[in-house]
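Peer 1: Take this structure first; my questions come after.
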DNA sequence: TCAAATCGATACGTAGCGTATCATAATAAA
DNA sequence: TTTATTATGATACGCTACGTATCGATTTGA
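Chains as they are written, first to last, in my numbering: chain A, 1 to 217; chain B, 218 to 434.
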């Protein structure tokens with residue numbers, strides 16, 4: 001049936017410190033080289049054959065480790081892929097500082113679509129896809145990917161409010177959903193392309209509003 | 218590896234006419250009762266155990282047919298589920314006629330979230346999820362679900378343009394993505410609830426625009 | 001020195017896939 | 001009516017990958 005192992009048990013505790021760990025327990029330490037090799041093999045295979053064709057046994061073979069070792073470090077395929085994905089993708093969405101918050105957002109959204117149009121975007125899509133049948137992966141995606149980005153985004157919105165570029169009574173989550181959900185929707189459904197023009201249209205519509213669109217063009 | 222069977226081969230040809238088929242070929246006809254039983258068992262199991270736990274063999278057992286028969290009618294699990302899903306969900310998104318197109322859209326969006334918050338919504342989510350690793354299912358979802366709804370939506374937008382409620386130079390796909398993508402995004406990510414208030418906030422933001430939001434409240 | 005935890009390797013049972021085969025039943029054309 | 005053709009349910013099959021268990025060997029702290 002479904003996997004029951006937890007994401008936040010031995011994993012987080014022992015894995016978060018990937019440097020020298022000061023545990024008091026006896027016994028042989030986990031080999032950080034094996035750990036890294038597994039993550040790198042996972043990233044490589046993800047880009048080459050995609051999430052669905054990736055198997056734990058394949059990762060083990062490419063990383064030169066026993067598959068037992070992988071199961072000691074990660075409870076399942078989804079959590080392994082999540083770690084590999086975050087290590088490679090997390091630092092790719094910085095907001096610029098152009099002087100205008102709306103412009104900052106617009107430019108950052110163009111960075112986002114660059115990533116979403118790359119092999120990493122395919123991984124994002126498959127992770128969201130697999131989240132639909134894997135509650136722990138879904139939780140990991142929300143807290144370790146989305147929430148991190150939301151925190152950054154809300155800081156930008158706060159700056160915009162302080163500068164009177166954005167009304168102070170706005171619901172940040174509603175605004176951010178309106179801005180970013182269309183990007184992910186096109187990533188997932190593929191009914192239309194993710195272009196910079198699309199970002200411009202989106203930001204123009206949301207800032208100007210439907211009622212005034214014909215006045216402003 | 219992946220399944221190669223086509224959605225549009227013997228399937229569409231023989232299945233679209235679920236009534237009495239006027240084929241010139243000899244031999245025994247497909248049993249329409251078995252076909253219907255399979256679809257109904259699939260719908261039932263979908264709501265009970267979800268897409269990921271649903272197996273072809275389970276459907277066969279519940280429908281009282283051999284699994285061979287299922288494989289003769291559908292190339293894989295995804296296409297079977299798609300058919301069962303469409304049969305039950307397709308007619309659930311009508312636009313009302315309130316006199317105001319914006320209000321029509323707002324009310325229809327509230328119907329949409331009703332469905333998305335029901336077990337059918339879970340099925341939508343898992344279908345989009347499975348689409349990430351199944352190209353044929355993705356294509357079926359686009360053409361048989363999304364495109365049908367887009368056609369209806371564009372007719373409403375056209376009415377709005379004729380009534381001068383909506384500017385004529387608007388890009389319909391951009392506007393529809395901005396309106397509906399946030400609903401599906403919340404369905405898929407579950408970072409925030411899908412409420413009627415959310416629909417109101419969304420429509421208000423998009424019609425009024427960020428720049429004027431503080432003027433209008 | 002000894003207990004504990006790791007490592008890679010290997011074997012195992014399980015689930016569900018999609019296919020093949022079978023005798024039987026239904027149907028259209030000859 | 002006969003014959004060719006196709007569908008049906010049942011069953012068996014090979015396959016892949018899962019996740020677990022076990023093994024001797026190795027590393028480490030107490």
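Think of the CB as a built atom: it goes at the ideal place given N, C-alpha and C, for glycine as much as any other residue.
Would you mind sorting residue 315 of chain B into buried or exposed? The rule is 16 or more other CB atoms within 10 Å of its CB.
Peer 2: exposed
Peer 1: Please report how far the alpha carbon of residue 340 of chain B lies from the alpha carbon of residue 405 of chain B, in whole angstroms.
Peer 2: 11 angstroms
Peer 1: Is residue 182 of chain A buried or exposed, if buried means 16 or more other CB atoms sit within 10 Å of its CB?
Peer 2: The residue is buried, with at least 16 neighbouring Cβ atoms inside 10 Å.
Peer 1: Thinking just about the alpha-carbon of each residue, which of B:281, B:332, B:269 and B:387 is nearest to the one in residue 257 of chain B?
Peer 2: B:281
Peer 1: First and last residue of the alpha helix (DSSP H) that includes residue 191 of chain A?
Peer 2: That residue, residue 191 of chain A, is in no alpha helix (DSSP H); it is neither H nor E in DSSP.
Peer 1: Is DSSP giving residue 271 of chain B helix, strand or coil here?
Peer 2: coil
Peer 1: Does the beta carbon of residue 343 of chain B come closer than 8 angstroms to any beta carbon on chain A?
Peer 2: Output row for residue 343 of chain B: interface = yes.
Peer 1: Count the other C-beta atoms from every protein chain shown that fall within 10 angstroms of the C-beta of residue 246 of chain B, then say buried if there are 16 or more, exposed otherwise.
Peer 2: exposed
Peer 1: Given residue 338 of chain B, which residues of its chain have a CB within under 7 angstroms of its CB, disregarding the five upstream and five downstream residues?
Peer 2: 332 and 404
Peer 1: Within 10 angstroms of the Cβ of residue 22 of chain A, are there 16 or more other Cβ atoms? Answer buried if so, exposed if not.
Peer 2: Because residue 22 of chain A carries a pLDDT of 46, less than 50, the predicted location of this residue cannot be relied on, and the following value inherits that uncertainty. Counting Cβ neighbours within 10 Å, residue 22 of chain A comes out exposed, since fewer than 16 surround it.
Peer 1: CB residue 94 of chain A to CB residue 104 of chain A, shorter than 8 angstroms?
Peer 2: no
Peer 1: Output the boundary residues of the alpha helix (DSSP H) element that contains residue 415 of chain B.
Peer 2: Under the DSSP assignment, residue 415 of chain B falls in the alpha helix (DSSP H) whose first and last residues are 413 to 425.
Peer 1: What does the Cβ neighbour count give for residue 197 of chain A, buried or exposed, with the cut at 16 atoms within 10 Å?
Peer 2: exposed
Peer 1: To the nearest angstrom, how far is the alpha carbon of residue 66 of chain A from that of residue 292 of chain B?
Peer 2: Residue 66 of chain A and residue 292 of chain B: Cα-Cα distance of roughly 36 angstroms.
Peer 1: Tell me which residues share the same chain as residue 380 of chain B and place their Cβ nearer than 7 angstroms to its Cβ, disregarding the 5 neighbours each side in the sequence.
Peer 2: 318
Peer 1: Return the chain-ordered ranges of every alpha helix (DSSP H) run that is complete within the segment 347 to 412 of chain B and spans a minimum of 4 residues.
Peer 2: 352 to 357, 364 to 379 and 389 to 406
Peer 1: Across the segment 379 to 398 of chain B and the segment 416 to 426 of chain B, are there enough close Cβ pairs to call them in contact, namely three or more that are closer than 8 angstroms?
Peer 2: yes
Peer 1: Rounded to a whole number of angstroms, what is the C-alpha to C-alpha distance between residue 92 of chain A and residue 106 of chain A?
Peer 2: 15 angstroms
Peer 1: Would residue 234 of chain B be called buried (16 or more neighbouring beta carbons within 10 Å of its own) or exposed?
Peer 2: Residue confidence is low: residue 234 of chain B scores 31 on pLDDT, short of 50, so the model does not pin down where it sits. Its coordinate-derived value is still stated next. Exposed.
Peer 1: I'd like to know if residue 419 of chain B contacts chain A, where contact means its C-beta is closer than 8 angstroms to some C-beta of that chain.
Peer 2: yes
Peer 1: Could you compute how far the alpha carbon of residue 304 of chain B sits from the alpha carbon of residue 165 of chain A?
Peer 2: Distance between the alpha carbons of residue 304 of chain B and residue 165 of chain A is about 48 angstroms.
Peer 1: Comparing the C-beta of residue 316 of chain B with each C-beta of chain A, is any distance below 8 angstroms?
Peer 2: No, residue 316 of chain B does not count as interfacial toward chain A.
Peer 1: Hey, does residue 436 of chain B have any beta-carbon neighbour from chain A nearer than 8 angstroms?
Peer 2: Any answer about residue 436 of chain B is impossible in this case: the structure gives chain B only from 218 up to 434.
Peer 1: I need the straight-line Cα distance from residue 147 of chain A to residue 108 of chain A, nearest angstrom please.
Peer 2: 17 angstroms
Peer 1: Locate the alpha helix (DSSP H) running through residue 212 of chain A, then write down its first and last residues.
Peer 2: It is not in any alpha helix (DSSP H) - residue 212 of chain A carries neither H nor E in the DSSP assignment.
Peer 1: Taking residue 29 of chain A as part of the alpha helix (DSSP H), name the residues at either end of that continuous run.
Peer 2: Segment: none, residue 29 of chain A is in no alpha helix (DSSP H) and carries neither H nor E.
Peer 1: Would you verify that the beta carbon of residue 321 of chain B is, or is not, closer than 8 angstroms to some beta carbon of chain A?
Peer 2: no
Peer 1: With distances taken between CB atoms, is the gap from residue 328 of chain B to residue 207 of chain A smaller than 8 angstroms?
Peer 2: Note that the C-beta distance between residue 328 of chain B and residue 207 of chain A is not below 8 angstroms.
Peer 1: Could you tell me whether the Cβ atoms of residue 134 of chain A and residue 84 of chain A are closer together than 8 angstroms?
Peer 2: No, the pair does not count as a contact, with Cβ atoms beyond the cut-off.
Peer 1: At what residues does the alpha helix (DSSP H) containing residue 78 of chain A begin and finish?
Peer 2: 77 to 89
Peer 1: Between residue 152 of chain A and residue 127 of chain A, what straight-line distance do the alpha-carbon atoms span, to the nearest angstrom?
Peer 2: Whole-angstrom Cα-Cα distance: 21 angstroms.
Peer 1: Name the chain B residues that come within less than 9 angstroms of residue 51 of chain A, Cβ to Cβ?
Peer 2: Within chain B, the residues near residue 51 of chain A are 349 and 350.
Peer 1: Cβ closer than 8 angstroms: which chain A residues qualify as neighbours of residue 407 of chain B?
Peer 2: Neighbours of residue 407 of chain B on chain A, chain order: 138 and 142.
Peer 1: Closer than 8 angstroms, CB to CB, is residue 295 of chain B near chain A or not?
Peer 2: Interface residue (Cβ-Cβ distance to chain A less than 8 angstroms): residue 295 of chain B is not classified as such.
Peer 1: Out of B:279, B:346, B:353 and B:336, point me to the one whose CA is closest to residue 185 of chain A's CA.
Peer 2: Residue B:346 is the option with its Cα nearest to residue 185 of chain A.
Peer 1: By Cβ distance, which residues of its chain are closer than 7 angstroms to residue 125 of chain A, with the 5 residues on each side in sequence left out?
Peer 2: 187 and 188
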